[in-house]
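Chains X and D supply the protein sequences, listed in that same order. Counting in the working numbering, the first sequence runs from -18 upward without gaps. Counting in the working numbering, the second sequence runs from 375 upward without gaps. Just so you know, even glycine gets a beta-carbon here, dropped at the ideal spot from N, CA and C. Only a predicted model underlies this, so the values are computations on that prediction, with no experimental measurement involved. Have a look at the structure below before the remarks.
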Amino acid sequence: MLVLQILINGLLLGGMYILLAQGLNLVFGVMGVVNLAHGAIITVAGLFTFWFATHTQLNPLVLLPVVFVAMLAIGALLQRSLLEPLAGVGRKSELLSLMITFGLSYVLVEIGLDVFGSQYVSLPNLQTTWSLGGLTINEALVAAGVLGAAISGALQIWLRHTDSGKCLLATSQNRIGAVACGIDVSRMRCIAFAIGSSLAAAAGVLIIMVIPLAAQTADSLTILAFVVVALGGLGDYRGAALAAVVLGIAQSAVGYYGGGDAESVVPYLLFILFMILRPQGLGRAVQAQ
Amino acid sequence: MAPLINKYEKVMIEPEASVPDIYVPGNLWNVQGIAPSLGYLEGVLPLAKSHGAKTVAVLALKSAFSLACDKARLEQVKALDMSLVYDTTYALPQPDFSSLALAIKNAQPDVVVVCSYYPDAVGIAQALQRAGYAPKFFAEAIGPAEDEFTKALGPIANRIISNTSWWASLKTAGNAAFIAHYKATFHQDPDYHAASGYGAIQALGAALNAVKAIDQAKLHDWLLHNEVQTVQGTFANDPNGAAKKFNQYLFQIQDGTRKLIWPLADAEAPAQIPYTGQ
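In structure tokens, the structure reads:
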């Protein structure tokens, strides 16, 4: 029973990690950009959700579609204004886009600090815990896990079974080939960043009900999301989902048997091991060019 | 800050620095203006034991403050002849406490003591609730005094115990006037952070009035050799600048309000037991 509980906790934690990571994965997969502002988007969306819920007394989940759609527009604007101009720069574009998203991260964090303050906040929604034959399962983590799984599933279906998704996938596999096929790669980059940002914002709406957030936690979320993406294979969505679950279970087990200090180290230790032993990650890596 | 003020030999009263390691011979210009962290939650274990509690779990963040509190509580477990059934520390960042909560649940302690700061206090309370475990006594060093704590946790904050070095009901020097002025100025109730800041200024004011100069050495010497009655109680320090006479108190969140529960002589209400986690 204990082992089963550890597994369930790990799966649910993995679900939360899928939620955190898939947006980052999409952006890297298509654009070859590690969006260092990813955690900041999650955090600001979460803080906004807290503000909204405490001022309107409405269920914060009503914000999910609103934030998703709003972030599509904002993400597209950010991509067009900040990252698209770098597309023609050549080999330096990867480093430059890393630096721009790094700067964007701190701009968003400062905005978050100015607007929402530096206090950690969380929402007491989704607090129900179900007991099933000695096992306990919590509503907030189930919601995060279900949404994470749904996002992964929806991404897979969209990328592999729709024309627009296939265009996006083609762009991530080979940009020149995509252009040769008549795909507007500039538009694909914009779509990828917009959707990646929206996924991050949707994650923020849910995460604020799972863990306390403050503007200054943005960096740690970016790092965690990046570790999941790297473990899964940069740009590999199925790999990232598998990596998230593996990481969740590993942390859950190590945390239980080894204590808090050991648990903190798990993501980074796994990251180092994978980069040495299996740099392509758990899944089949789709290399961005 | 300590290296700077000690380099330039400027007196600095520290109303929020409770870590005892600061007040050492190399940092003589730091003067502590708050109760030391060793005493945080010192009332929890005697209180719990008086209600029949036997087993204890202690969690601590790896920070100077938390580890000092942790060490003192672990020693107290031994001194009170209680049984330590789980003990761990953790480092930041720690976004998830579910595995630690599961380990605590499996150990089934009567008392859970958490030496950490506000965000972890929220996270650990959430994790325990998700694990489906409510210890008879649940105490967290920092966090429950903040309004955001009850907003973040809702009903699971109820009956959590925490620490304070000041309370509105205490008959300390100037307390009523301090509360009235604070409310009139900021339109909210003060907490112990505000009180320790105010108390620091009371002490500094007393020193300036006595010394009648801003000579740093004279002010420093006066502060270390005299006592000042403040809203926090008696401001008095040892030769290293560490506070030696501030009291520690316990409060509990009871149905959305905070009530002083320990020491019993100062209590506004009896402790509500057990913690239910909802």
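Burial state of residue i, where buried means 16 or more other Cβ atoms lie within 10 Å
i        : result
X:N40    : exposed
X:C162   : exposed
X:T37    : exposed
X:V47    : exposed
D:T559   : exposed
X:V267   : Residue placement at X:V267 is flagged as unreliable, the pLDDT there being 44, under the threshold of 50; the coordinate-derived value follows with that caveat. X:V267 comes out buried.
X:P157   : The sequence given here has Ile at residue 157 of chain X, not Pro. The residue is exposed, with fewer than 16 neighbouring Cβ atoms inside 10 Å.
D:H561   : exposed
D:V393   : buried
D:P389   : buried
D:P493   : buried
D:E514   : buried
D:E522   : buried
D:G615   : buried
D:Y414   : buried
D:A591   : exposed
D:K452   : exposed
X:A125   : buried
X:M169   : buried
D:N583   : exposed
D:Q652   : exposed
D:A419   : Note that residue 419 of chain D is Leu in the sequence shown here, rather than Ala. It counts as buried.
X:A269   : Here the model assigns X:A269 a pLDDT of 44, short of 50, so the residue's position is not dependable and the matter cannot be decided.
D:T546   : buried
X:V(-16) : exposed
X:D217   : buried
D:E449   : exposed
X:V166   : buried
Boundaries of the alpha helix (DSSP H) in which residue i is found, first to last residue
i      : result
X:A182 : 166 to 188
X:C162 : X:C162 -> no alpha helix (DSSP H), and no H or E assigned at all.
X:S201 : 199 to 213
X:V191 : Where X:V191 is concerned, there is no enclosing alpha helix (DSSP H), given that its DSSP letter is neither H nor E.
D:R447 : 438 to 453
X:Q3   : -17 to 12
X:V70  : Unbroken run through X:V70: none, as it is neither H nor E.
D:N401 : Note, D:N401: premise wrong, no alpha helix (DSSP H); not H, not E.
X:R219 : 218 to 239
X:T37  : 19 to 37
X:P46  : 44 to 59
D:A376 : 376 to 381
D:K618 : Run containing D:K618: none; DSSP gives neither H nor E here.
Contact belief for residue i with residue j at Cβ below 8 Å, rounded distance in angstroms
i      : j       : result
X:A18  : X:T82   : 5 Å
X:G229 : X:L(-6) : 4 Å
X:M52  : X:S179  : 4 Å
D:P509 : D:Y649  : 6 Å
D:T463 : X:G241  : 6 Å
X:T24  : X:T198  : 6 Å
X:L7   : X:L136  : 7 Å
D:L597 : D:A577  : 7 Å
D:G528 : X:P105  : 3 Å
D:I348 : D:F625  : What is shown of chain D runs 375 to 652, which leaves residue 348 of chain D out entirely.
D:V459 : D:W540  : Going by Cβ atoms, the distance from D:V459 to D:W540 rounds to 33 Å, so no, they are not a contact pair.
X:G213 : X:G(-4) : That belief does not hold up - the Cβ atoms of X:G213 and X:G(-4) are roughly 14 Å apart, past 8 Å.
N-terminal and C-terminal residue of the beta strand (DSSP E) that residue i is part of
i      : result
D:M386 : 386 to 388
D:S457 : 457 to 464
D:F511 : 511 to 514
D:F625 : 623 to 628
D:W636 : 631 to 636
D:L435 : 429 to 435
D:N404 : 404 to 406
Worksheet item: At which residue ranges does the segment 525 to 607 of chain D contain complete alpha helix (DSSP H) runs of 4 or more residues, listed in the order of the chain?
Response: 549 to 560, 566 to 585, 590 to 599
Worksheet item: Taking a cut of 8 Å between CB atoms, which residues from the segment 239 to 253 of chain X lie near chain D?
Response: G240, G241, D242, E244, S245
Worksheet entry | Sequence ranges, beta strand (DSSP E) only - wholly within the segment 108 to 155 of chain X, length at least 3 | 110 to 113, 116 to 119
Worksheet entry | Residues, ordered as in the chain, of the segment 513 to 536 of chain D that lie near chain X by beta-carbon distance below 8 Å | E520, E522, K525, A526, L527, G528, P529, I530
Item to complete: Residues of the segment 620 to 649 of chain D with a CB closer than 8 Å to any CB of chain X: list them in chain order, please.
Response: none
Worksheet item: In chain order, what residues of the segment 114 to 136 of chain X put their CB closer than 8 Å to some CB of chain D?
Response: T117, N119, A121, L122
Discussion item. Which residues of the segment 87 to 104 of chain X have a Cβ closer than 9 Å to any Cβ of chain D? Give them in chain order.
Written reply: Q100, Y101, V102, S103, L104
Practice prompt. Check each residue of the segment 459 to 477 of chain D: if its Cβ is closer than 7 Å to any Cβ of chain X, include it; give the result in chain order.
Written response: T462, T463, Y464, A465, P467, Q468, P469, D470, S472, S473, L474, L476, A477
Worksheet item: When Cβ atoms are compared, which residues of the segment 203 to 223 of chain X fall closer than 9 Å to chain D?
Response: I204, L205
Fill in: beta strand (DSSP E) segments (min. 3 residues) lying fully within the segment 469 to 514 of chain D
485 to 489, 511 to 514
Worksheet entry | Short-range partners of chain X found in the segment 490 to 501 of chain D, where Cβ spacing is below 8 Å | Y492, P493, V496, G497, Q500
Fill in: Residues from the segment 22 to 43 of chain X in contact with chain D, defined by Cβ distance under 8 Å
T35
Discussion item. Give me the subset of the segment 602 to 622 of chain D whose CB atoms are less than 8 Å from a CB atom of chain X, sorted by chain position.
Written reply: none
Worksheet item: If you measure beta-carbon to beta-carbon, which residues of the segment 545 to 572 of chain D are closer than 8 Å to chain X?
Response: none
Worksheet item: If you measure beta-carbon to beta-carbon, which residues of the segment 222 to 236 of chain X are closer than 9 Å to chain D?
Response: G229, Q232, S233, A234, V235, G236
Discussion item. Under 8 Å, CB to CB, which of the residues in the segment -15 to 16 of chain X have a partner in chain D?
Written reply: Q(-14), I(-13), N(-10), L(-7), L(-6), M(-3)
Practice prompt. Could you list the residues in the segment 399 to 416 of chain D with a C-beta less than 9 Å from some C-beta on chain X, going in chain order?
Written response: none
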